[in-house]
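First residue of the sequence shown? That's 300 in my numbering, and the numbers climb one at a time after it. Yeah, the Cβ is synthetic: ideal placement off N, Cα and C, and Gly gets one too. Predicted, not measured: the structure shown is a model, and the values here were computed from it. Encoded as structure tokens, the structure appears first; notes follow it.
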Amino acid sequence: MDKLRYRLRSSGRTYPSCRNLSSNHLLNKEKSDDDVMANIASLTTRKTRTADLVKKAQCQVENDMPILQRFLLKAPRFDFVNKIKELGKFGKVFETFGIRSELLPLSKPPKVKETPFQFHSLHNENQSYISVPRLSVTKLLTDQWCELREYYNIYAGSPAVKSKQMSMGTNLHAGLEEDQYRFVDFTSFVLFVDKIFSEKLLALREDLDIKAEISAGESDALTTYSLYESLLLGNTKESEMANEWLDKIVFRLYTLLLTSEAREVLVHGYLDMQKHTFINIANENSNVAENSILVSGVVDYLKIFNRTDPRDYSFFDDVRSNLEVKYPEVDGTQFIDLTNFLEDLKLLICEHADQFTLKVADIKTRSWNRIPSQASVLRSSKLQVTYYRHLLGLLSGETTEGFNAYQMLIENAKRRGIDVDKPINLKFALLFLRRNYDLLYCDFKKLANGDPIGFDPYDDFMSENYNSQDSWYDFSLITDELTNVNELSKNDPDNFDYSKILSPELSKSWKYPLTLRYFAARASQLYQSCAPFLGDNLSIEYHNALTHKCFSKIDFKYDKESLNSSINNAVSFWNGSRNPSVVEDISKCKYCNFSSVCQIPNPEKSHLAGKMTEGRAISDFLSTLD
């Protein structure tokens, strides 16, 4: 209509305003009522002629349109723009599907070529899933609530959703962790070390006159500076992953074997999308391994207990007695030789494995003391724990020979673009030593001297690659820069005496550098230690989010048949070989972001689903009408 009004104005003809004309005549007191009525009649005639001209011009505009645009102009249309605004980030699914319709189709249009997994790995609000394509265990539970909702969510770009319930769950898990472990805040310590090392690098840069050397084409100074930079503060990705593996695998599993309990333990595996099974990556060729999908998860709770007498802790009493006898504390400090400890542990496990078993459990948070009523939610919760149990079996080498976890962890790092043989920077190495000196001090001495740690794949690799060359891993840089260890103690939350661990045995150039490969080796050994305890005991605990009390517990058995069925279902969904299933219980729809544009809760409009698939020209035209 804007164009139409413009045409009428530009024709050179003008039409006086009814309001202005009437008031001019009525203000003229000399005119009679008959004159006024005559003028009003004349004005009415002119308005009628104007309306006729407008209608005629409008018809002419429509007649000049292409047939398709004429059809779309007269077709009944809903407020698509506002509908998309209401959906927010979830409305992007319409853009992905290339449609403007009241309802979404039950599967993607043929022009969308990416499978759900491919799209999830290419278009994801969480950038980490783009840089490292993978799935979480919970993503394999596609029908936990509604598979169609998951499908739409994927093709909307997997928008992040934060709910009050999720926050309550996070807080509950954090509280349970704090009850289990003593957490110490090393922020001040890390900032202090970072400051000292940064000043060292700045001074080194000035001494070497690195800028002048570079401009002159000299590379020796640049090489020296780069080595020091990576050694003191560099290789961040490798160092951060080492921190993760040390804390969430090595330390947690050591605690499990020492105290009977562990929380928040990392697990992962590789799902072959063609064979519909998790593979033992150590026994597969490289092509199969590369075509598999990384699946990761975090086990909420592990518990080793006596099968017949839950009050029996004899195994753990024997483990602690072994530590106390062989590694007595000196001045309140205990240094454990992990090489010898793990060998002793094998003997103790053999003595007790027939009596003790490992239970895998998941913790669920509820706002009130009532478990979910939906059968699909309960079934998926059980499957989630079943997946964790299965992945633990793969990592521990439960049914296969070889060093499964070692190869699986190295592959995990590789897929994340992380080099397991880059040295861990000295800032993190010092933090690790301070935080876990009881476990790491003896191992660090072995690395410094080039001695084996008792894990053949690792020992063979290090011997072949470092015995004939300098590792450049100089721990003396720490003591050289931190000349007064009392300064470290002042910035330590416990005023720890660093002279106990920064000894001459470590403060030197090491034969073997500290790398992520080392942590993969120790983690593998601890996973293997769990294998004899693995059984079929699984559990779900429901905790009240406000009181943090467990109000219900469901114990059940490991069911391999149900697991295989779930894997088949998940793979066929993620590889796009089938369309998503829909819910039968439409009461779930009121909790769904897509309920207003989904066919299931709107069956009376199902004939409109996916209609008006647009090309660019049609879309551009429609946008001018909104």
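request  = Round the Cβ separation of E804 and A747 to the nearest angstrom and send it over; I've been treating them as touching at under 8 Å.
outcome  = Stepping through the sequence shown from its first residue, residue 804 is reached at position 505. Stepping through the sequence shown from its first residue, residue 747 is reached at position 448. Confirmed, about 7 Å.
key: Own chain, CB closer than 7 Å to E446, minus 5 neighbours either side, in chain order   = Position 147 of the sequence shown holds residue 446. Spatial neighbours of E446 in its own chain (CB-CB distance under 7 Å, excluding positions within 5 residues in sequence) are listed in chain order as F872, P879 and S880.
Cα-Cα separation between V598 and D791, rounded to whole angstroms = Within the sequence shown, residue 598 is the residue found at index 299, counting from 1. Within the sequence shown, residue 791 is the residue found at index 492, counting from 1. Taking the straight line joining both Cα atoms gives about 31 Å.
request  = Closer than 8 Å by C-beta to K799: which residues in its own chain qualify, once you throw out the five before and the five after it? Chain order, please.
outcome  = Counted from its first residue, the sequence shown places residue 799 at position 500. Excluding its 5 nearest sequence neighbours in each direction, K799 has C-beta neighbours in its own chain below 8 Å: D630, T632 and Y736, listed in chain order.
Identity of the residue in F550, A455 and L526 nearest F1004 by Cα = Limits of the chain in this structure are 300 at one end and 925 at the other, which puts residue 1004 out of reach.
task = Identify the continuous alpha helix (DSSP H) that holds C897 and give its terminal residues.
result = Looking up residue 897 in the sequence shown gives position 598. Per DSSP, C897 belongs to no alpha helix (DSSP H) and is neither H nor E.
inquiry  = To the nearest angstrom, how far is the alpha carbon of A473 from that of P409?
reply    = The residue given as residue 473 occupies position 174 in the sequence shown. The residue given as residue 409 occupies position 110 in the sequence shown. Each residue's Cα considered, the two are about 45 Å apart.
inquiry  = For a test of the three-state rule: what should DSSP assign to T437, helix, strand or coil?
reply    = Counting from one through the sequence shown, the residue named residue 437 turns up at place 138. T437 falls in the helix class under three-state DSSP.
inquiry  = For I777 and K726, I'd like the C-alpha separation in whole angstroms.
reply    = Here residue 777 refers to the residue found at position 478 of the sequence shown. Here residue 726 refers to the residue found at position 427 of the sequence shown. Cα to Cα, I777 sits roughly 9 Å from K726.
task = Could you tell me whether the region 561–576 touches the region 841–852, using the rule of 3 or more Cβ pairs below 8 Å?
result = Using a Cβ-Cβ distance cut-off of 8 Å, the region 561–576 and the region 841–852 are not in contact, since fewer than three pairs of beta carbons, one from each stretch, lie closer than that value.
ask   = Which two residues bound the contiguous beta strand (DSSP E) that contains S851?
value = Counting from 1 along the sequence shown, the entry for residue 851 is found at position 552. First-last of the beta strand (DSSP E) with S851: C849 to K856.
key: C-beta atoms of G248 and Y826 nearer than 8 Å   = With the chain covering 300 to 925 only, the question about residue 248 has no answer from this structure.
task = Could you check the C-alpha separation between L694 and M707 for me, to the nearest Å?
result = In the sequence shown, the residue the question calls residue 694 occupies position 395. In the sequence shown, the residue the question calls residue 707 occupies position 408. Distance between the alpha carbons of L694 and M707: 7 Å.
ask   = When the Cα atoms are used, what is the spatial distance from E394 to N711?
value = Counting from one through the sequence shown, the residue named residue 394 turns up at place 95. Counting from one through the sequence shown, the residue named residue 711 turns up at place 412. Rounded to the nearest angstrom, the two C-alpha atoms are 34 Å apart.
ask   = Apart from the five residues just before and just after L862, which ones in its own chain have a Cβ nearer than 8 Å to its Cβ?
value = Locating residue 862 in the sequence shown gives position 563, counting from the first residue. Answer for L862: L682, T685, Y686 and H689, listed in chain order.
message = Please report the distance separating the alpha-carbon of D769 from that of E505.
response = As a position in the sequence shown, residue 769 is number 470, starting the count at 1. As a position in the sequence shown, residue 505 is number 206, starting the count at 1. The straight-line gap from Cα to Cα measures roughly 26 Å.
request  = Have a look at E623, Y428, N703 and L781 and flag the residue whose alpha-carbon is nearest the alpha-carbon of K494.
outcome  = To locate residue 494, count along the sequence shown from 1; it is residue 195. Selection E623, Y428, N703 and L781 evaluated against K494 yields L781 as nearest (Cα-Cα).
message = How far does the beta strand (DSSP E) with F655 in it extend, from its first residue to its last?
response = Numbered from 1 along the sequence shown, position 356 holds the residue referred to as residue 655. For F655, the enclosing beta strand (DSSP E) has its first and last residue at F655 to R665.
query = So, helix, strand or coil for F393, using DSSP?
reply = Counted from its first residue, the sequence shown places residue 393 at position 94. It is helical.
task = Please state whether DSSP places W444 in a helix, a strand or coil.
result = Position 145 of the sequence shown, counted from the start, is the residue given in the question as residue 444. W444 carries a coil assignment under DSSP once its states are collapsed to helix, strand and coil.
task = Check P432 in the structure and name its three-state DSSP category.
result = Taking the first residue of the sequence shown as position 1, residue 432 is located at position 133. It is coil, neither helix nor strand.
query = When burial is assigned at 16 or more other CB atoms within 10 Å of the CB, is C649 buried or exposed?
reply = Indexing the sequence shown from 1 puts residue 649 at position 350. Exposed, since its Cβ has fewer than 16 Cβ neighbours within 10 Å.
inquiry  = What would DSSP say about N423, mapped onto helix, strand or coil?
reply    = Against the sequence shown, residue 423 aligns to sequence position 124. Here N423 sits in coil by DSSP.
Status (buried if at least 16 other CB within 10 Å, exposed otherwise) for T607 = To locate residue 607, count along the sequence shown from 1; it is residue 308. With fewer than 16 Cβ atoms within 10 Å of its Cβ, T607 is classed as exposed.
task = Given a cut-off of 8 Å, decide if Y797 and F634 are closer than it, judged by their beta-carbon atoms.
result = The count along the sequence shown starts at 1 and reaches residue 634 at position 335. The count along the sequence shown starts at 1 and reaches residue 797 at position 498. Remark: C-beta atoms of F634 and Y797 do not approach each other more closely than 8 Å.
ask   = By the 10 Å Cβ neighbour count, where 16 or more other Cβ atoms means buried, how is L924 classified, buried or exposed?
value = Position 625 of the sequence shown, counted from the start, is the residue given in the question as residue 924. Any reading at L924 must be qualified, since the residue scores a pLDDT of 45, below 50, and its modelled position is unreliable; the value itself is stated next. Per the 10 Å Cβ criterion, exposed.
inquiry  = Mapping the DSSP letters down to three states, classify N590 as helix, strand or coil.
reply    = Here the question's residue 590 lines up with position 291 in the sequence shown. Looking at N590 - three-state DSSP - the assignment turns out to be coil, as it is neither helix nor strand.
task = Measure the alpha-carbon distance for R453 versus V784 and round it to whole angstroms.
result = Translated into positions along the sequence shown, residue 453 becomes position 154. Translated into positions along the sequence shown, residue 784 becomes position 485. Rather than Arg, the amino acid found at residue 453 in this sequence is Ile. For I453 and V784, the distance between alpha carbons rounds to 53 Å.
message = For the region 650–668 against the region 825–841, do three or more pairs of beta-carbon atoms, one drawn from each stretch, fall closer than 8 Å, so that the two count as touching?
response = Under the 8 Å Cβ criterion, the region 650–668 counts as touching the region 825–841, having at least three qualifying pairs.
Opening and closing residue of the beta strand (DSSP E) in which E697 lies = Reading the sequence shown from its first residue, position 398 is the one you call residue 697. Taken as a continuous stretch (DSSP letters only), E697 belongs to no beta strand (DSSP E), as it is neither H nor E.
key: Cα-Cα separation, L434 to I717   = In the sequence shown, counting from the first residue as 1, residue 434 sits at position 135. In the sequence shown, counting from the first residue as 1, residue 717 sits at position 418. Each residue's Cα considered, the two are about 18 Å apart.
key: Top-ranked residue by Cα proximity to D927, from L637, S420 and V870   = With the chain covering 300 to 925 only, the question about residue 927 has no answer from this structure.
key: Start and end residues, alpha helix (DSSP H) containing E623   = As a first step, residue 623 is located in the sequence shown; it is residue number 324 there, counting from the start. E623 -> alpha helix (DSSP H) spans S613 to K625.
ask   = Name the DSSP bridge partner or partners of F604?
value = Position 305 of the sequence shown, counted from the first residue, corresponds to residue 604. The partner list for F604 (beta bridge, DSSP) reads T656.
request  = With V380 as the anchor, note down where its beta strand (DSSP E) starts and where it stops.
outcome  = In the sequence shown, counting from the first residue as 1, residue 380 sits at position 81. Here V380 belongs to no beta strand (DSSP E); instead the alpha helix (DSSP H) covers F379 to L386.
query = Going straight from the alpha carbon of L641 to that of V624, what length do you get?
reply = Here residue 641 corresponds to residue number 342 of the sequence shown, with the count starting at 1. Here residue 624 corresponds to residue number 325 of the sequence shown, with the count starting at 1. Each residue's alpha carbon lies about 15 Å from the other.
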